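Colleague: Sharing a structure, written as structure tokens. Questions coming.
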Amino acid sequence: MAFEGLADRLQSTVKKMTGKGKVSEQDVKEMTREVRLALLEADVNFKVVKDFVKRIKERAVGAEVMDSLTPGQQVIKIVKEELTDLMGGEQSKIAVSERPPTVIMMVGLQGAGKTTTSGKLANHLRKKHNRKPLLVAADVYRPAAIDQLQTVGKQLDIPVFSKGTEANPVDIANEAILHAKEEHLDYVIIDTAGRLHVDEHLMDELGQIKNNLTPDEIFLVVDAMTGQDAVNVAESFDDQLDLSGVVLTKLDGDTRGGAALSIKAVTQKPIKFAGMGEKLDELEAFHPERMASRILGMGDVLSLIEKAQDNVDETKAKELEQKMRSATFTFDDFLEQMEQVKSMGPMEDLLGMIPGANKMKGLKNVQFDDKQIVHVEAIVKSMTKAERQDPSLMNASRKKRIAKGSGRPVSEVNRLLKQFEEMKKMMKQMSGTQGGKKGKRKKGMNLPFM
Amino acid sequence: MSFLKKLKEKFSASAETEEVSDKYKSGLEKTRESFSTKLNDLVARYRKVDEEFFEDLEEILISADVGVNTVMDLVEELEMEAKRQNIKDARDLKEVISEKLVEIYTGGEDTFKTQAPLNIQPDDLSVFLFVGVNGVGKTTSIGKLAYQLKQEGKKVVLVAGDTFRAGAIEQLSAWGERVGVDVIKHGEGSDPAAVIYDGIQAAKSRKADVLLCDTAGRLQNKVNLMNELSKVKRVIEREIPNAPHDVLLVLDATTGQNALSQAKTFSEATDVSGIVLTKLDGTAKGGIVLAIRKQLDIPVKFVGLGEKMTDLEAFDPNAFVYGLFADMLTDDEM
């Protein structure tokens, strides 16, 4: 996951401070040195790093730490606050024009992911905000860029406006807006050609589109893997166009994401969305504070809950809970539960949101192959109805049949059965203690596919 | 003779490289400006070599994406060197700085020996596989290279192995048309290994000299996608012994430290033999190639210096260094 490398380094640095009853100037100096290196390694712009480290130093040796009862904790709090601040404080919303359509212009370097992001954004607006978007193919330079947007539009079933490669991008955009008005579409997303920020001619063209349309939002699309140059790029685009926000792409890679941290600091423009995968629904609103928590290993429970709310059927969840308590949980229920977890996204991402999960023994460095879930599913689906209801029916020949049916070895079938029994036992215990006064929920459930 | 002088003389001695060096100079203009101007500024600002001087130097190098570790090592070496040679004047250190930078790339060998040409098979089909993360410019680089090879009189065939991204096949086809070479393709969503297999058969039967294989961009931490890439390579190996003759990792010059992780992981999956560094005509410095060369020993074979069909150049470490330091050569004693 993105930020992981940065997170690891910062966490180990910050951890040294946790239990400290006294924080000396030397401690702070050592910590800030480590923080500096961690940030530089993550491609955070060196100017930004300098300021950041300076601010932490000033605050950490100041009264708010020295007078505190838990100075170590206080320092961590400072780092988190500054980190959140660096990424943009609170989450910012997407504009809505009073007179529709709302016009959004997508700009950026070549290969940053403008076309894919345009499609994702259109999908997001339709799904989360119930809007009717129009995609506009204004990249007349790159071969097949229009084809790409049209294909994306077809996949999403969202209309795409294009006039071929001969038309002028300014005209295309103008006509697209008229078209949107006629069709009562309320968002127009203009996909412009990628260009270098130093290409005066092409930057002028963007200026013209902007002056002609007065868009409500101008988003700079930035590859999260960009190095020190991210700041120069963002500054140039901002100078020319006065950006309204930034969309980070390819954040599902293993980049340490320094660009994300630098851009806001330098341009003062908020990061509004983050691209988290190749599929067209993998665009997320960017929450600076949650991201800061994730980087410092404090987890991101809020996003996890939201994901669950988005994907899990509440009545079903209640039913399931009932079954767990009464220990009548069967393989059918288990399958259903797995479906729900699966719909929330890759295991790896979900775990990243659980506080402390990355420090859990055995979980670190585990490659989460979502295929494992598929295997478990195959095994369960190879059982007969009766077997799913009552696993005690299982005998050697049944197991052999299941193994054959699912294409997995018998040992794996055995393992799953054993884990299922353990799970049931644990559920019994949990529901048994829940009512009691001293009852504490046991942490962590040993799901067979984890 | 001083190092920079030597470099310059070697360079002007070969007239044919002049054109290339001009291209580098203009392509790298932005890079050079920020880098050597900064270096010159630094030297002008600090007459004396002290701790602050080295701190500022560190920042200049870091801002070129050279990478913290490489920079730390380099600066440490420089500090020692300054002590050893008893250099006190900052101007005298300039020379040593550029020398050390080149040394990182060449590993101390003669710079002229470190050029890495394409591994072209003189009398047989050469297969080149292009790999890299999303949006670095694989398809565009293939188009440019196809043009170049065709100009050299070679029969080139392209194969559209990016069956995933919307519009990717059309993009390669457009390049094929523009350059005037055949493109082998299947539909979107088909098995990339199967397309590549067909590409090889077609290239063989059409008696092509060169087959350029496009693949879908993929982030290096997606295990399944990397496995798919290994499979594509195995298919090529099985059909033609010793092929692919080059596996070219396409890197975006604006990429930061993640480029190292890309180089490492793609090498593990496909034995990368060379790098194509794209988008070097922006302000990015591509300093990360120094670290990649140093830590993984993968040479840069081509650089992309613009959007035109002709804007792909064979990488010449001398020209690269010359481009970086050209300012310093002219306004100095030479």
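Respectively, the protein sequence lines represent chains D and C.
Mapping of the first sequence onto the UniProt record's numbering: residues 1 to 450, in sequence order.
Mapping of the second sequence onto the UniProt record's numbering: residues 1 to 334, in sequence order.
Each residue gets a CB set at the ideal place from its N, CA and C atoms; glycine is no exception.
Nothing here was measured: the structure is a model prediction, and the numbers come from that model.
1. Identify the contact partners of residue 136 of chain C in chain B, using a Cβ-Cβ distance below 8 Å as the criterion.
2. Taking 8 Å as the CB-CB cut-off, is residue 252 of chain C touching chain D?
3. What did DSSP end up calling residue 315 of chain C once you bin it into helix, strand or coil?
4. DSSP three-state call for residue 219 of chain C: helix, strand or coil?
5. Between the alpha carbons of residue 169 of chain C and residue 185 of chain C, how many angstroms are there, rounded?
6. Throw me the rounded Cβ distance for the residue 355 of chain C and residue 133 of chain C pair, which I believe falls under 8 Å.
7. Would you kindly work out how many angstroms separate the C-alpha atoms of residue 450 of chain D and residue 411 of chain D, rounded to a whole number?
8. From the beta carbon of residue 225 of chain D, is the nearest beta carbon of chain C less than 8 Å away?
9. Reducing DSSP to helix, strand and coil, say where residue 14 of chain D ends up.
10. Quick one: Cα of residue 408 of chain D to Cα of residue 276 of chain C, how far?
11. Starting from residue 41 of chain D, find everything on chain C with Cβ-Cβ shorter than 7 Å and list it in chain order.
12. Between the C-alpha atoms of residue 387 of chain D and residue 399 of chain D, what's the straight-line distance to the nearest angstrom?
13. Please list, in chain order, all residues of the same chain as residue 296 of chain C whose beta carbon is under 6 Å from its beta carbon, the five residues on each side excluded.
14. Report the neighbours of residue 46 of chain D on chain C: residues whose CB is nearer than 7 Å to its CB, in chain order.
15. Between residue 282 of chain C and chain D, is there a C-beta pair that is closer than 8 Å?
16. Whose Cβ in chain D lies nearer than 7 Å to the Cβ of residue 171 of chain C?
17. Could you please give me the residues that DSSP links to residue 276 of chain D through a beta bridge?
18. Checking 8 Å against the spacing of the C-beta atoms, do residue 195 of chain C and residue 143 of chain C come in under that value?
19. Does residue 287 of chain D pass the burial test, meaning 16 or more other C-beta atoms within 10 Å, or should it be called exposed?
20. What does the alpha-carbon distance come out to for the pair residue 461 of chain D and residue 207 of chain D?
21. Does the CB of residue 250 of chain D have a neighbour CB from chain C at under 8 Å?
22. Which residue wins for smallest C-alpha separation from residue 34 of chain D, given the options D/53, D/24, D/23 and D/47?
23. Is residue 309 of chain C helix, strand or coil when you go by DSSP?
24. For residue 255 of chain C, which residues from the same chain have a beta carbon less than 7 Å from its beta carbon, with the 5 sequence-adjacent residues on both sides left out?
25. Given 8 Å as the limit, is there contact between the region 186-200 of chain D and the region 104-124 of chain D, that is, 3 or more CB pairs closer than that?
26. If I measure Cβ to Cβ from residue 165 of chain D and keep anything under 6 Å in the same chain, skipping five residues before and after, which residues do I get?
27. Per DSSP, what kind of secondary structure is residue 250 of chain D in: helix, strand or coil?
28. Going by the DSSP bridge assignment, what does residue 101 of chain C pair with across the sheet?
29. Identify the continuous alpha helix (DSSP H) that holds residue 377 of chain D and give its terminal residues.
30. Check whether chain D comes within 8 Å of residue 220 of chain C, counting only Cβ atoms and requiring the distance to be less than that.
31. With a threshold of 8 Å between beta-carbons, can residue 256 of chain D be considered close to chain C, or not?
32. Buried or exposed: residue 163 of chain C, going by 16 or more other Cβ atoms within 10 Å of its Cβ?
33. Quick one: what does DSSP say residue 6 of chain D is sitting in, helix, strand or coil?
34. Within the continuous beta strand (DSSP E) that includes residue 217 of chain D, where are the two ends?
35. Which runs of the alpha helix (DSSP H) spanning at least 4 residues fall entirely within the region 87-161 of chain D, listed in chain order?
36. Secondary structure at residue 130 of chain C, three-state DSSP: helix, strand or coil?
Modeller: With the given structure in hand:
1. Reference to chain B is not applicable here, since the protein chains of this structure are D and C.
2. yes
3. coil
4. coil
5. 7 Å
6. This structure gives no information on residue 355 of chain C, because the portion of chain C shown stretches from 1 to 334.
7. Caution is warranted here: a pLDDT of 38 is assigned to residue 450 of chain D, below 50, making its placement in the model unreliable, and the coordinate value is therefore given only provisionally. Going from the Cα of residue 450 of chain D to the Cα of residue 411 of chain D covers about 17 Å.
8. yes
9. helix
10. 43 Å
11. 68 and 257
12. 10 Å
13. 263
14. 59, 62 and 63
15. yes
16. 143 and 144
17. Partner(s): none; residue 276 of chain D has no beta bridge.
18. no
19. buried
20. There is simply no residue 461 of chain D to check, as chain D begins at 1 and stops at 450 in what is shown.
21. yes
22. D/53
23. coil
24. 288
25. yes
26. 140
27. coil
28. Its beta-bridge partners do not exist; DSSP assigns none.
29. 371-381
30. yes
31. yes
32. buried
33. helix
34. 217-223
35. 114-129 and 145-156
36. strand
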